[in-house]
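Counting the sequence shown from 1 gives a position; my numbering is that position plus 33.
A virtual CB, placed ideally from N, CA and C, is assigned to each residue, including glycine.
Quick notes on the structure that follows.
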Amino acid sequence: MKAAKTLGQFIIEKQTDFPYAKGELSRLLCDLGIAAKNVNREVNKAGLANIIGDAGSVNIQGEGQKKLDIYANEQFLAALQCGGECCILVSEENDDYIYIDSELSKNAKYIVAIDPLDGSSNIDVNVSVGTIFSIFRRKSVNGRATITDVLQKGVDQVAAGYIIYGSSTMLVYTTGKGVNGFTLDPSIGEFCLSHPDMKIPVDGNIYSINEGYYRHFPEGIKKYIKYCQEEDVKTQRPYTLRYTGSMVADLHRSLIKGGIFIYPISAQAPKGKLRLVYECNPMAFIVEQAGGEASNGYSRIMELAVEEMHQRSAIIIGSTNMVLKAEELLQKY
Ligand code: AHM
Ligand code: MG
Numbered sequence: 034m035k036a037a038k039t040l041g042q043f044i045i046e047k048q049t050d051f052p053y054a055k056g057e058l059s060r061l062l063c064d065l066g067i068a069a070k071n072v073n074r075e076v077n078k079a080g081l082a083n084i085i086g087d088a089g090s091v092n093i094q095g096e097g098q099k100k101l102d103i104y105a106n107e108q109f110l111a112a113l114q115c116g117g118e119c120c121i122l123v124s125e126e127n128d129d130y131i132y133i134d135s136e137l138s139k140n141a142k143y144i145v146a147i148d149p150l151d152g153s154s155n156i157d158v159n160v161s162v163g164t165i166f167s168i169f170r171r172k173s174v175n176g177r178a179t180i181t182d183v184l185q186k187g188v189d190q191v192a193a194g195y196i197i198y199g200s201s202t203m204l205v206y207t208t209g210k211g212v213n214g215f216t217l218d219p220s221i222g223e224f225c226l227s228h229p230d231m232k233i234p235v236d237g238n239i240y241s242i243n244e245g246y247y248r249h250f251p252e253g254i255k256k257y258i259k260y261c262q263e264e265d266v267k268t269q270r271p272y273t274l275r276y277t278g279s280m281v282a283d284l285h286r287s288l289i290k291g292g293i294f295i296y297p298i299s300a301q302a303p304k305g306k307l308r309l310v311y312e313c314n315p316m317a318f319i320v321e322q323a324g325g326e327a328s329n330g331y332s333r334i335m336e337l338a339v340e341e342m343h344q345r346s347a348i349i350i351g352s353t354n355m356v357l358k359a360e361e362l363l364q365k366y
């Protein structure tokens, strides 16, 4: 029997896609994989240890932090500090960006933006959660990297990925040459290539949106929801609704089966809820690389100007034909 390729082996093998690569991005991706394994271990024993529930603190977005949000944030920060390839970390859990000041990182070129534990309210009820990461190369050459290095558009990402802590744990990433998925084999403690060259179906029949906020959505989104619910054999409508409250889980399903995920602007969230830098952009990079689309309804997500680290955006993302239809109705009404 042929042994499965591990994440580490795959990353090193793919380094030749970038002829001038010195292995720094490869090492950075491996560091993120190690932190993911630590977080996975804690997520898996959440019910046993005293790590479920609120930490009693609030992050910059005014959201209550879970103990595991903080643990995951510390794990990723520690891995990047030890690795020496990252000069700045931007995290959903920290108001400001963090300089990685270690002797090892004095020549580090990369900036990592991360949502350490997305969908963390689902931890207490054993529903899948995830980690989302985005990687940029700093633009400035000398001195400390600055806020300008941090505020880059999605199109400038050099890599992005997510980890889903689900019925199995998977790491999915892209460096701009397709998307590959790795499943954690707990018996050897390694992520192994299980989903090579992932492609999102062009069409789908699953839609994912928090319909509880229906009354507060823009007219075009209401029209799209009604379109999803209409009977039409040719387009397999009515579509099925699936919404977990974990974007990583909902998008992972869309990537594999086809589908659309929408978090629009609404009366309560006039700029949308999800964060552009460490939620929308990395997911947009992955979905586009798998052949899908990601927009805010009017413009491509990855081309949106980034004015501040914790900026929010509406997002319509998934199978191309579904995204195009939702955009069409949003723009019409
Ligand atoms: P979080 O990063 O604070 O966990 O919030 C992001 C999550 C997404 O994973 C999910 O799609 C969305 O928030 C759910 O929000 P809502 O409960 O408003 O539908
Ligand atoms: Mg999140």
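- Put simply, the backbone Cα of leucine 363 is about 23 angstroms away from that of valine 339.
- C-alpha of aspartate 189 to C-alpha of phenylalanine 169: approximately 7 angstroms in a straight line.
- Annotation for arginine 286: the continuous alpha helix (DSSP H) segment containing it runs 280-290.
- A heavy atom of the ligand AHM is found nearer than 7 angstroms to the CB of glutamate 125.
- Secondary structure at threonine 277: coil, using DSSP grouped into helix, strand and coil.
- With a 10 Å radius around the Cβ and a threshold of 16 neighbouring Cβ atoms, proline 229 comes out exposed.
- When Glu126, Val191, Ile103 are compared, the shortest CA-CA separation from isoleucine 144 is found for Val191.
- For glutamate 223, the pairing in a beta bridge is given by DSSP as Asp218.
- Here isoleucine 295 is not near serine 287, since their CB atoms are 8 angstroms or more apart.
- Looking at Gly163, Ile180, Tyr206, the one whose alpha-carbon comes closest to that of leucine 101 is Gly163.
- For the region 312-356, the continuous beta strand (DSSP E) assignments of 3+ residues that do not extend past its boundaries occur at 326-328, 348-351, in sequence order.
- A contact between stretches requires three or more CB pairs, one per stretch, nearer than 8 angstroms, and the region 256-265 fails this requirement with the region 124-136.
- At a cut-off of 4 residues, the continuous stretches assigned as alpha helix (DSSP H) that sit fully inside the region 118-193 are 180-183.
- Here DSSP, grouped into helix, strand and coil, assigns leucine 61 to helix.
- Cβ atoms of glutamate 263 and proline 251 stay farther apart than 8 angstroms, at about 19 angstroms.
- A distance criterion of 7 angstroms places the beta-carbon of lysine 306 in contact range of the ligand AHM, judged by its closest non-hydrogen atom.
- Placement of the Cβ of aspartate 182 at a distance of 7 angstroms or more from every heavy atom of the ligand AHM is found.
- By the Cβ-count criterion, serine 138 is buried, with 16 or more other Cβ atoms from all chains shown falling within 10 Å of its own Cβ.
- Burial of lysine 306 is indicated by the presence of at least 16 other C-beta atoms within 10 angstroms of its C-beta.
- A distance criterion of 7 angstroms places the beta-carbon of aspartate 148 in contact range of the ligand AHM, judged by its closest non-hydrogen atom.
- Secondary structure at threonine 208: coil, using DSSP grouped into helix, strand and coil.
- Note: asparagine 213 is bridge-paired with Tyr206 in the DSSP secondary-structure output.
- Excluding residues up to 5 positions away in sequence, Val235, Asp236 lie with their Cβ nearer than 6 angstroms to the Cβ of asparagine 354 in the same chain.
- Here tyrosine 272 carries a coil assignment [DSSP, helix/strand/coil].
- The beta carbon of alanine 323 is closer than 7 angstroms to those of Val212, Met231, Lys232, Ile233, Leu288 in its chain, skipping five residues each way along the sequence.
- Contact between the region 174-182 and the region 49-64 is absent: fewer than 3 CB-CB pairs across the two stretches fall below 8 angstroms.
- Judged by DSSP secondary structure, phenylalanine 43 falls within the alpha helix (DSSP H) whose first and last residues are 40-47.
- The Cβ atoms of isoleucine 319 and alanine 146 do not sit closer than 8 angstroms to each other.
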